[in-house]
Amino acid sequence: MSILIQNVLLNDERKDIIIKDNKFSKILDPTDSIGSSDLLIDGTRFAILPAFYNMHTHSAMTLMRGYADDIELHSWLEDHIWPLEANLTEDHVYHGARLAALEMIKSGTVFFNDMYFFPYGTAKAADEMGLRADIAPVLIDGMNAARAKEMIAYAQETIDHSGDYSSRVRFAVSPHAIYTVSAETLKRSFALAQKENLPFQIHLSESQTEVKNSIKDFGLRPVQYLESLGILDSNVTAIHCVHLDDRDREILKKHNVSIAHCPASNMKLSSGHFDYVKAKQADIKMVVATDGACSNNNLSLLEEMKIASLREKAFSGDPTVLPAREIFDMTTIKAAKAAGLNAGKIEEGMLADCLLVNLDHPTLVPRGHLISDIVYSANPECIDTVICDGNILMRGRKVKNEDDIIKGANEAYRDLIRK
Ligand SMILES: [Zn+2]
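Okay, here's the thing in structure tokens:
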């Protein structure tokens, strides 16, 4: 399968772009182009941009969108979310993840790094919808080390099922947090990720309560506790990291850990102030994520980029902090790199993930400041076409089976709250 996108704007220049199989095969001046392909797209109205990579989600939590708003983190989890999640089935998760995939495609996202229950439901949805995903079953042993064996067997079983899905979908390893998972399970799950050469993600240092309890229970701050267990490396994505001191930042940098910054979720749950400026000064890898739709409440990385940038400017008192290009790179090329993908840039030989944005959409007019407009002005409606792995997932803002996805999600929600 080949696609020719003719006369499209790429970095302020008109180009013809040929996608062959799942890669950008040629980028040519329109005068040099041969012009034959299985599918021709007239790019005159469009600019081509890299697609977005969401580095932390609980995708099926779309079913809980709006379910428990305006509540403190620990009460939000213990009194509202966990009791409802006790009734979840794989079918609920499938329909919730399909809804998440639809929302992500419509807002330009082609990859998500997921942590949740019933990972086969999420994997089936991601595979059917044509997205890339790292999907980890969330490991929670209730601080009971005797359950470590069962937890690792569960994670291993999902990894062993990887071959059942497209190569776009991969199973990964993800204990929930240091306050829900015993040291034994933490250590053994990390060893499993290293053995299988897979990503490892964990919520870390999200709230003051977590830090206070970590010092009380383990005598160490959360980052330092994980280091003491030997659980930090370049394949680790530490989610939130709102509360860090200088020593924590040194440790994260030393082990080349990525921080998944979730600004909307952190603000909505009043988790505290993630000091982006200090993390940047410490030269720590940073990417952006929405977190689940229950603590955001949407999965739009367009919105997340704007929130992240405005938030840093407001907290630091410096409007030059986290400029548009920097947050755009954290959501595209840097995120793709952290996910181990040769993607995130429109370049010959790279994976064919991209967006065509409508240059006549009011939020992108007048032309001339595209990256600024995307970060500060755009809404998802300006995205006309989404391509992932050389396949068209959305064109003219239409995604296949939309009505069926919405109907399935509404039915799954009604069934979940009835239980
Ligand atoms: Zn999370």
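Basically my numbering = 1-based index in the sequence shown + 1096. By construction, the Cβ of each residue, glycine as well, lies at the ideal position given by its N, Cα and C atoms.
Problem set entry | Assigned exposure category for M1097 - 16 Cβ within 10 Å defines buried | exposed
Problem set entry | Cβ-Cβ distance between V1373 and I1347 below 8 Å | When the beta-carbon positions are compared, V1373 and I1347 stay at least 8 Å from each other.
For this session: Let me know the beta strand (DSSP E) ranges lying completely inside the region 1399 to 1461, each 3 residues or longer, listed in chain order.
Result: 1450 to 1454
Exercise. Would you call the region 1450 to 1469 and the region 1136 to 1148 touching, i.e. three or more CB-CB distances under 8 Å?
Worked result: yes
Exercise. Closer than 7 Å: is that where the CB of D1230 sits relative to any heavy atom of ligand 1?
Worked result: no
Problem set entry | Pick from L1466, V1383, V1269, E1168 that is closest to A1545, judged by C-alpha positions | Nothing can be reported for residue 1545, as the shown portion of the chain is limited to 1097 through 1515.
Exercise. Are the CB atoms of L1288 and A1249 nearer to each other than 8 Å?
Worked result: no
For this session: From the DSSP output, in three-state form, read off M1097 for me.
Result: It is coil, neither helix nor strand.
Exercise. Just to confirm, does G1388 get its C-beta within under 7 Å of one of the non-hydrogen atoms of ligand 1?
Worked result: yes
Problem set entry | Three-pair Cβ contact test at 8 Å for the region 1196 to 1204 versus the region 1165 to 1174 | Using a Cβ-Cβ distance cut-off of 8 Å, the region 1196 to 1204 and the region 1165 to 1174 are not in contact, since fewer than three pairs of beta carbons, one from each stretch, lie closer than that value.
Problem set entry | Of the listed residues L1294, I1311, N1150, nearest to D1256 (C-alpha basis) | L1294
Exercise. Can you list, in chain order, the stretches of the alpha helix (DSSP H) that have 4 or more residues and sit fully within the region 1354 to 1392?
Worked result: 1359 to 1364, 1372 to 1377
Exercise. So does I1298 have its beta carbon nearer than 7 Å to some heavy atom of ligand 1?
Worked result: no
Problem set entry | Y1212 - DSSP class collapsed to helix/strand/coil | Reduced to three states, the DSSP call for Y1212 is strand.
Problem set entry | Straight-line gap, K1503 to E1477 (C-alpha atoms, nearest Å) | In this structure, the alpha-carbon of K1503 lies about 22 Å from that of E1477.
Problem set entry | Integer Cβ distance of T1153 from A1385, believed to fall under 8 Å | 7 Å
Exercise. Among residues of its own chain, excluding the 5 on either side of A1360, which ones have a beta-carbon nearer than 7 Å to its beta-carbon?
Worked result: T1386, N1392, E1400, I1403
Problem set entry | Same chain, Cβ closer than 8 Å to T1096, neighbours up to 5 away in sequence not counted | This structure leaves residue 1096 out entirely; the chain is present only between 1097 and 1515.
For this session: Identify every run of the alpha helix (DSSP H) within the region 1159 to 1211, keeping only runs that are complete inside it and at least 4 residues long; order them along the chain.
Result: 1178 to 1181, 1186 to 1202
Exercise. Can you list, in chain order, the stretches of the alpha helix (DSSP H) that have 4 or more residues and sit fully within the region 1223 to 1303?
Worked result: Taken in chain order, the whole alpha helix (DSSP H) runs of length 4 or more contained in the region 1223 to 1303 are 1244 to 1256, 1279 to 1292.
Problem set entry | Closer than 7 Å: I1380 CB and nearest ligand 1 heavy atom | no
Problem set entry | Same chain, Cβ closer than 6 Å to L1460, five either side skipped, listed in chain order | D1469, C1478
Problem set entry | Span separating the alpha-carbon of T1158 from that of G1326 | 34 Å
For this session: Just mark T1416 as buried or exposed, buried being the case when its beta carbon has 16 or more other beta carbons within 10 Å.
Result: exposed
Problem set entry | Contact set for E1408: own chain, Cβ-Cβ below 6 Å, skip 5 residues either direction | Y1372, V1417, L1418
For this session: For L1136, count neighbouring Cβ atoms within 10 angstroms of its own Cβ and tell me buried if that reaches 16, exposed if not.
Result: Within a 10 Å sphere around the beta-carbon of L1136 sit fewer than 16 other beta-carbons, which makes this residue exposed.
For this session: Just confirm the distance between the C-beta atoms of T1305 and A1434, as a whole number of angstroms; I'd bet it's less than 8 Å.
Result: T1305 to A1434, Cβ: 28 Å. No contact.
Exercise. Hey, would you say the C-beta of H1351 is under 7 Å away from at least one heavy atom of ligand 1?
Worked result: No - ligand 1 has no heavy atom lying nearer than 7 Å to the Cβ of H1351.
Problem set entry | Given L1184 as reference, the closest of T1205, S1171, M1160, G1204 once Cα atoms are compared | M1160
Exercise. Is the distance from the Cβ of N1209 to the Cβ of M1151 below 8 Å?
Worked result: yes
Exercise. For A1219, which three-state DSSP category applies?
Worked result: In this structure, A1219 counts as helix in the three-state DSSP scheme.
Exercise. Taking three-plus beta-carbon pairs below 8 Å as touching, is the region 1440 to 1447 in contact with the region 1111 to 1123?
Worked result: yes
Exercise. Between the C-alpha atoms of A1147 and E1280, what's the straight-line distance to the nearest angstrom?
Worked result: Their Cα atoms are separated by approximately 38 Å.
Exercise. Leaving out five residues before and five after L1100 in sequence, what residues of the same chain have Cβ atoms less than 6 Å from its Cβ?
Worked result: I1114, S1133, L1136
For this session: Would you mind stating whether A1508 and G1192 have Cβ atoms separated by less than 8 Å?
Result: Their beta carbons are under 8 Å apart, which means A1508 touches G1192 by this criterion.
Exercise. Does any heavy atom of ligand 1 sit closer than 7 Å to the C-beta of H1465?
Worked result: no
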